[in-house]
Amino acid sequence: MEQATPTLEELHKLVQMSGTINMEIFYWWCIALMVIIHAGFLSYEIGASRLKNVLTAGVKNILAFAFIVPTFFFFGWFIYNGFAAGFTLDMDAAAASLPWSGAMGPNVEDNATGIFWGAFALFAATTASIMSGALIERTRMSAFIILAIILGSAVWILGAAWSWHPSGWLTTEWGFHDVGAAGCVHTIAGFFTLGVVMNVGARIGRFNADGSANPIVGHSMPMSVIGLMLVIVGFFGFLGGCIIYNVGGQWTNIYGQPTNLSAFAFNTLMGFAGGLIGAYLTTREPFWMMSGGLIGIISVAPGLDVYYPPLAYVIGMGVAAAAPLVHKFLVKRQIDDAVGAFAVHGFGGFAGIVISGIFLAGYPNMAEGVPPVNFLGQAGGAVVLALLGFIPGYLISLAMKQAGFLRVPAHAEERGLDLTEVPAEAYPEWALTGASTTYISTDSGSSATVVVAEVKAI
Amino acid sequence: MSSPISSWEGASSVYTYADKPAVLAVILLVAVAVTVVAIWATIRHEKHSYNSPMTKK
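The listed protein sequences derive, respectively, from chains A and B.
Note that the first sequence covers residues -9 to 448 in my numbering.
Note that the second sequence covers residues 4 to 60 in my numbering.
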């Protein structure tokens, strides 16, 4: 039986559709890998919490993810597409991102919107998770949820519209270049977090009246260290989501400049390794070493597409070596960032962008009239993004503080938030140490098992 | 009918009620409302927990 020979047009359609589906598959797995970032943050924060607060830390982290996804659907994606020029809305560009648009749901002719929205929703949830760890053990769950929504579904994505978008004003006006989102994700989240931490205040017992600090050690450093390694695994999905799969053409970065995953592989791994060693040199301990690996990746993220790999290694090492000192500087000022989120993400992102201004200067941008990458554009962009994070974080949390809405009452903090508000037990065998178990009624009417004991702070 | 199509031929947006803007508006408003209610429920749970005699012991 004779087979019909396909026409050139049919073959072209076949190749196009194969490419389109491969593109979807690529981002689908990037999204899955980014979920691992949240598994990592979950483990990391639980480990960094004392025994009396472990479940609350977990609930907080899970809820950040849960509230970001719908709110990013309601308005986050619209902000990204509508505010590339600044605070002025471009309705033509944003119309397809309105939550009732034909593109914002199953559409058999649109293979791109949902998968890109999904990847960006996961970036958004990552920003909220960055803040989450810094606030453990004394922040009200409801206040955290509201702050997470503001950071994850509004503030960072506005920064992304400005700096991580082909039409973003920081790029078109200043030549800004940040392929791995060191600015819009890490710098903004870190500085937003700093503003909130300043208002939420230190955990009870963290500082003495003379200003000296007491260590508050989490209940499981191994759990935190494994969590940080999971965050690193998830970062390969995050960085995969930072590159554009062009069907039938070469990969580009988000600004349209040609690049490829090979470039990202060189510099991500070299920055990671440099960061591990840099933090080891200044701390000798695994929590900061793993944080250092993360700092190494974040600090080279602006130039993952063009750095010479040994340069990425040296940058990652230097910034990661300095970050623990930044954390110590905050502690001296009685700022209690429980996991060093500002030093890792705020400082790591900011320093990485400023350093990139030295080494990326002269790389051309794509559109006509757009200046090439330059030091002032990079440094200025870093300052803009830091302020975009810090100002709303500080002012909104200040308003919450003044309304008595930001922090849990002292008696609940001292007793432990798990006993106070979570109807479950993290480590039931703990009761063998002298605690007893009883049942209380929750506000929803269900009964809950609670360990009743005088819980000593660990 | 929740289906916006009667045939897959030439279909694009196929999500439920895609052809009924008023219904979409109602569903979207409900989704926003339940999100707000969830935050309110969290605040209520916190108040209850902080004021519980068990907690104040």
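Glycine is no exception: its CB is placed at the ideal position from the N, C-alpha and C atoms.
Who are the Cβ neighbours of residue 19 of chain B in its own chain at under 6 Å, not counting the five residues just before and after it? Translated into the one-based positions of the second sequence, residue 19 of chain B becomes position 16. Here the set comprises 5.
Give, in chain order, every residue of the segment 23 to 47 of chain B whose Cβ lies closer than 8 Å to some Cβ of chain A. The residues in question are 24, 27, 28, 31, 34, 35, 38, 41, 42, 45, 46, 47.
Under 7 Å Cβ-Cβ, which residues of chain B neighbour residue 99 of chain A? Counting from 1 along the first sequence, the entry for residue 99 of chain A is found at position 109. Annotation: Cβ neighbours of residue 99 of chain A in chain B (cutoff 7 Å, chain order): 15.
DSSP state of residue 130 of chain A, grouped into three classes? For the purposes of this step, residue 130 of chain A is taken as the residue at position 140 of the first sequence. DSSP places residue 130 of chain A in coil when its eight states are reduced to three.
Output the residue ranges of the beta strand (DSSP E) runs that lie fully inside the segment 273 to 300 of chain A and measure 3 residues or longer, sorted by chain position. Counting only runs of at least 3 residues, the segment 273 to 300 of chain A fully encloses no beta strand (DSSP E) element at all.
If we cut at 9 Å on Cβ distances, does residue 132 of chain A have a partner in chain B? By 1-based counting over the first sequence, the position of residue 132 of chain A is 142. Yes, contact with chain B.
Could you tell me which chain A residues have their CB closer than 7 Å to the CB of residue 12 of chain B, listed as they occur along the chain? Within the second sequence, numbered from 1, the residue matching residue 12 of chain B stands at position 9. Within chain A, no residue has its CB atom less than 7 Å from the CB of residue 12 of chain B, the nearest being about 11 Å off.
Using a Cβ-Cβ cut-off of 9 Å, state whether residue 348 of chain A counts as contacting chain B. Position 358 of the first sequence holds residue 348 of chain A. With respect to chain B, the C-beta atom of residue 348 of chain A has no partner C-beta closer than 9 Å.
With DSSP run on the structure shown, which of helix, strand or coil describes residue 177 of chain A? As a working note, residue 177 of chain A is residue 187 in the first sequence. The three-state secondary structure of residue 177 of chain A, taken from DSSP, is helix.
Does the segment 122 to 141 of chain A come within contact of the segment 321 to 329 of chain A, defined as at least 3 CB pairs closer than 8 Å? Contact holds: three or more Cβ-Cβ distances are below 8 Å.
Work out the CA separation of residue 315 of chain A and residue 46 of chain A for me, nearest whole Å. For this step, residue 46 of chain A is matched to residue 56 along the first sequence. For this step, residue 315 of chain A is matched to residue 325 along the first sequence. Near 29 Å, if we compare the C-alpha coordinates of residue 315 of chain A and residue 46 of chain A.
Terminal residues of the continuous alpha helix (DSSP H) containing residue 116 of chain A? The residue given as residue 116 of chain A occupies position 126 in the first sequence. In the DSSP annotation of this structure, the continuous segment of the alpha helix (DSSP H) that includes residue 116 of chain A starts and ends at 103 to 124.
Could you tell me the alpha carbon to alpha carbon distance between residue 52 of chain B and residue 162 of chain A, rounded to whole angstroms? Against the second sequence, residue 52 of chain B aligns to sequence position 49. Against the first sequence, residue 162 of chain A aligns to sequence position 172. Answer to the nearest angstrom: the Cα atoms are 51 Å apart.
If we count the other Cβ atoms within 10 Å of its Cβ and call it buried at 16 or more, is residue 356 of chain A buried or exposed? Mapped onto the first sequence, residue 356 of chain A falls at position 366. Under a 10 Å Cβ-count criterion, residue 356 of chain A is classified as exposed, with fewer than 16 other Cβ atoms of the shown protein chains found around its own Cβ.
Can the beta-carbon of residue 158 of chain A be found less than 9 Å from the beta-carbon of residue 111 of chain A? Position 168 of the first sequence holds residue 158 of chain A. Position 121 of the first sequence holds residue 111 of chain A. Using a Cβ distance threshold of 9 Å, residue 158 of chain A and residue 111 of chain A do not count as a contacting pair.
Quick check on DSSP: helix, strand or coil for residue 405 of chain A? Along the first sequence, read from residue 1 onward, the residue named residue 405 of chain A stands at position 415. In this structure, residue 405 of chain A counts as helix in the three-state DSSP scheme.
Okay, do the segment 141 to 153 of chain A and the segment 166 to 186 of chain A touch, 3+ Cβ pairs below 8 Å being the bar? Taking a cut-off of 8 Å for Cβ pairs, the segment 141 to 153 of chain A and the segment 166 to 186 of chain A touch, as three or more such pairs fall below it.
For residue 395 of chain A versus residue 132 of chain A, is the C-beta spacing smaller than 9 Å? Position 405 of the first sequence, counted from the start, is the residue given in the question as residue 395 of chain A. Position 142 of the first sequence, counted from the start, is the residue given in the question as residue 132 of chain A. Going by C-beta atoms, residue 395 of chain A is nearer than 9 Å to residue 132 of chain A.
For a contact defined as C-beta to C-beta under 8 Å, what are the partners of residue 14 of chain A on chain B? Here residue 14 of chain A refers to the residue found at position 24 of the first sequence. The contacting residues do not exist; residue 14 of chain A stays about 16 Å from chain B at best.
Provide the residue span of the alpha helix (DSSP H) that contains residue 47 of chain B, from first to last. For this step, residue 47 of chain B is matched to residue 44 along the second sequence. That run of the alpha helix (DSSP H) goes 24 to 54.
Counting only beta-carbon separations shorter than 9 Å, does residue 53 of chain A have a partner in chain C? Annotation note: the requested chain C is absent from the structure, which comprises protein chains A and B.
Paired residues, beta bridge with residue 8 of chain B - DSSP: Taking the first residue of the second sequence as 1, we reach residue 8 of chain B at position 5. Here residue 8 of chain B is not bridged, per DSSP, to any residue.
Given that a residue counts as buried once 16 or more other Cβ atoms are within 10 Å of its Cβ, and exposed if not, what is residue 7 of chain A? What you label residue 7 of chain A is simply residue 17 of the first sequence in a count that begins at 1. Looking at its Cβ environment, which holds fewer than 16 other Cβ atoms inside 10 Å, residue 7 of chain A is exposed.
Name the two residues that bound the continuous alpha helix (DSSP H) containing residue 218 of chain A. Here the question's residue 218 of chain A lines up with position 228 in the first sequence. In the DSSP assignment, residue 218 of chain A falls within the unbroken alpha helix (DSSP H) covering 211 to 230.
In chain B, which residues lie with their C-beta within 8 Å of the C-beta of residue 410 of chain A? Working through the first sequence from its first residue, we reach residue 410 of chain A at position 420. Taking a Cβ-Cβ threshold of 8 Å, the residues of chain B close to residue 410 of chain A are 52, 53, 55, 58, in chain order.
Return the CA-CA distance between residue 91 of chain A and residue 85 of chain A, expressed in angstroms with no decimal places. Sequence index remark: in the first sequence, residue 91 of chain A carries index 101 (1-based). Sequence index remark: in the first sequence, residue 85 of chain A carries index 95 (1-based). If I take the Cα positions, the gap works out to 7 Å.
Looking at the C-beta of residue 272 of chain A, does it have a partner C-beta in chain B at a distance below 9 Å? For the purposes of this step, residue 272 of chain A is taken as the residue at position 282 of the first sequence. Taking CB atoms only, residue 272 of chain A has no neighbour in chain B less than 9 Å away.
Find the residues of chain B that neighbour residue 90 of chain A, judging by a C-beta separation of less than 8 Å, and give them in chain order. In the first sequence, counting from the first residue as 1, residue 90 of chain A sits at position 100. For residue 90 of chain A, the residues of chain B that pass the 8 Å Cβ criterion are 24, 27, 28, 31, in the order they occur in the chain.
How is the alpha helix (DSSP H) around residue 28 of chain A delimited, first residue to last? Along the first sequence, one-based indexing puts residue 28 of chain A at 38. Residue 28 of chain A -> alpha helix (DSSP H) spans -2 to 38.
Could you say which of A/202, A/246, A/253 lies nearest to residue 226 of chain A if we only look at CA atoms? Start at 1 with the first residue of the first sequence, and residue 226 of chain A comes out as number 236. Nearest of A/202, A/246, A/253 to residue 226 of chain A, Cα basis: A/253.
Would you say residue 62 of chain A reaches chain B, if we count a Cβ-Cβ gap shorter than 9 Å as a contact? The sequence position of residue 62 of chain A within the first sequence is 72, counting from 1. No, no contact with chain B.
Rounded straight-line distance, which links the Cα of residue 12 of chain B to that of residue 305 of chain A: As a working mapping, residue 305 of chain A is identified with position 315 in the first sequence. As a working mapping, residue 12 of chain B is identified with position 9 in the second sequence. A straight line joining the alpha-carbon of residue 305 of chain A with that of residue 12 of chain B spans about 55 Å.
For residue 323 of chain A, does the count of other Cβ atoms within 10 angstroms reach 16, so buried, or fall short, so exposed? The residue you call residue 323 of chain A lines up with position 333 of the first sequence. Answer is exposed; the Cβ neighbour count stays below 16.
Does the segment 213 to 228 of chain A come close enough to the segment 15 to 30 of chain A that 3 or more CB-CB pairs lie under 8 Å? Three or more Cβ pairs closer than 8 Å define a contact, and the segment 15 to 30 of chain A meets that threshold against the segment 213 to 228 of chain A.
According to DSSP, simplified to helix, strand and coil, what is residue 206 of chain A? For this step, residue 206 of chain A is matched to residue 216 along the first sequence. Coil.
Compute the Euclidean distance between the alpha carbons of residue 141 of chain A and residue 182 of chain A, then round it to the nearest angstrom. Here the question's residue 141 of chain A lines up with position 151 in the first sequence. Here the question's residue 182 of chain A lines up with position 192 in the first sequence. Rounded to the nearest angstrom, the gap between the Cα atoms of residue 141 of chain A and residue 182 of chain A is 7 Å.
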